[in-house]
Amino acid sequence: MGDGVPPPGILHVDMDAFFASVEVLDDPSLAGLPVIVGGAGARGVVASCTYEARAFGVHSAMPSVRARQLCPQAIFLPGRHGRYAEISGQLHGILADITPMVEPIGLDEAFLNVAGAIRMLGHPEKIAYGLRDRVRTDLSLDCAVGIGRSKMIAKLASRAAKPRASRAGLVPGPGVVLIEPDVELAFLHGHKVEALWGVGPATAKRLHELGVRTVGDLAAVPGETLMRRLGKASGLHLSALAHGEDPSPVTPNRPAKSIGHEETFSHDLLDRAQLERHVLRMAESVATMLRGASTAARTITVKVKFSDLSLQTRSYTLSQAITTGGAIGQVAASLLAGIDPADGIRLLGVSASGLVEGGGDQLSFDLGDGRDVGTQSATSLEQSWHDATAAVDAIRDKFGRSAVGAASMVTEDGVQVPARRDAPWGPAR
Ligand SMILES: [Mg+2]
């Protein structure tokens, strides 16, 4: 590193096998076993898996049916979103202690810009090792940290820092990888094009047709050619990335726009009562996540995908924010009542948006059966219920008890649930 040249200042933190590691943490008898968190049913998807499962070729987003073929002895768990959200809150608390320049990317991932804090906190590599130690001490979980001049390089570096699974056993990763500017292009060019942001299966296929397999291959293709083959915007973007140019800044404190839970069913559902039971259960899950994030929500959305894959969403915005499963369930159930399930419902989701700080004072409710029901103040519990009841009347006025039709009630900010917060991996059965 030359005199006066600042070290790369962007960190990417990513928990190792997050959901699966939390399951092993909470049940040590699972240690060393292939554990898969995801939907075990015919349409289920792997959400997370331990390195012992990865050794068999299992990876996240893989259909569960395929995962079971590869690793028949795998232990499937349905996942506990409230618990993941709780630990995620602790992780983001640790990150916020380091710098306010944190951009959260889902539950277990974030970018940090420490370039302005080097004098105070030391070299980014030292910050990264300190962060890893603290995550391990406070959460008893492992994370990987990548460091680079850009978000793209930092993200690729954190992947390089992770452990690797093989049939011979787990190969521990370095935990922290820093990519110095002078080796950046060599590092980048060794990756497959699929590693770049914006290269999905369709783009990858078109690039393969050009004979492009690696980022290095991509960098050698003239920008003009890429723009012709991929369109101007995509061609320019990929050409820049291949040359190590990623100007996207770390954008701190981007609040979550929504928190949601959705599931694909193993067979299409037609029965209103059954759908309502699912909606109420999902509402409880959304409430737990809201409390984990210390937020309350003003807008509740119900989303359905029909058997023909068409989508319908219905939203309602309350005058007050609500936090309880009961209240969210009331609103969601009345939104559901306006949707006709006669064509068969394949996917159902409940989400909360219009998020505001503060999920109630910390007064614990014990139902007496040992269930964790979170914490909620008595007054906000009552208020929540009152507001929801008023909303239900308004929804009935607006949509009717069994209104049918294509009227989509999508609000501008309220509907799209960030994929990382979803539970799109399908049902357990
Ligand atoms: Mg992760």
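Sequential numbering of the sequence shown, starting at 9, is according to this note's numbering. C-beta: ideal position from N, C-alpha, C; glycine also. Computed from a predicted structure; not experimentally measured.
Original post:
In terms of alpha-carbon separation, which member of L344, R299 and A350 lies closest to D276?
Top reply: A350
Original post:
Within the present structure, is the beta-carbon of P23 separated from the nearest heavy atom of ligand 1 by less than 6 Å?
Top reply: Sequence check: residue 23 is Met here, not Pro. Yes.
Original post:
Can you tell me whether DSSP reads Q81 as helix, strand or coil?
Top reply: In the three-state scheme derived from DSSP, where H, G and I count as helix and E and B as strand, Q81 is classed as coil.
Subject >> Any non-hydrogen atom of ligand 2 within 6 Å of D116 CB >> reply: For ligand 2, the structure offers nothing, since it holds only ligand 1.
Original post:
Distance, Cα to Cα, G346 vs R322?
Top reply: Going by the C-alpha atoms only, they are around 8 Å apart.
**OP:** Compute the minimum distance between the beta carbon of F27 and the heavy atoms of ligand 1, and state whether it is under 6 Å.
**Re:** The answer is no for F27.
**OP:** Round the Cβ separation of V45 and F27 to the nearest angstrom and send it over; I've been treating them as touching at under 8 Å.
**Re:** 4 Å
Subject >> Beta-carbon spacing of D146, D24 below 7 Å >> reply: no
Original post:
So what's G40 in DSSP terms, helix, strand or just coil?
Top reply: In this structure, G40 counts as coil in the three-state DSSP scheme.
Subject >> Inter-residue Cα distance where the pair is P108 and E253 >> reply: 25 Å
Subject >> Cross-strand partners of M23 (DSSP beta bridge) >> reply: DSSP output for M23 lists C151 as bridge partner(s).
Original post:
Taking three-plus beta-carbon pairs below 8 Å as touching, is the segment 245-260 in contact with the segment 282-294?
Top reply: no
Original post:
Using 8 Å as the threshold, is the segment 40-56 in touch with the segment 95-103, meaning 3 or more CB pairs across them?
Top reply: no
Original post:
With C-beta atoms as the reference, is S72 less than 7 Å away from A48?
Top reply: yes
**OP:** Just grab the DSSP bridge partners of I187 for me.
**Re:** DSSP, once it has assigned bridges, lists no residue as partnering I187.
**OP:** Please specify which runs of the beta strand (DSSP E), each continuous and at least 3 residues long, are wholly inside the segment 30-74, giving them in chain order.
**Re:** 43-46 and 54-57
**OP:** Take the Cβ of E232 as the centre, count every other Cβ of all protein chains shown within 10 Å, and call the residue buried at 16 or more, exposed below.
**Re:** Burial call: exposed.
Subject >> Residues sharing a beta bridge with Q320, DSSP >> reply: Partner(s): V312.
**OP:** Would you mind stating whether H269 and V358 have Cβ atoms separated by less than 7 Å?
**Re:** yes
Subject >> Proximity below 7 Å, CB of Y92 to CB of L178 >> reply: no
Original post:
Which two residues bound the contiguous alpha helix (DSSP H) that contains S247?
Top reply: K240 to A250
**OP:** Using the Cα positions of L218 and L139, report the straight-line distance between them to the nearest angstrom.
**Re:** 42 Å
**OP:** Kindly identify the DSSP beta-bridge partner or partners of E232.
**Re:** In DSSP, E232 forms no bridge with anything.
**OP:** Flag this pair as yes or no: are the beta carbons of T307 and G362 separated by less than 7 Å?
**Re:** yes
Subject >> Touch test, the segment 158-166 against the segment 124-136, Cβ-Cβ under 8 Å, three pairs minimum >> reply: no
Subject >> Own chain, CB closer than 7 Å to L33, minus 5 neighbours either side, in chain order >> reply: Within the same chain, L33 has close Cβ partners S148 and L149.
Original post:
Do the segment 215-230 and the segment 188-204 touch if we need at least three Cβ pairs shorter than 8 Å?
Top reply: yes
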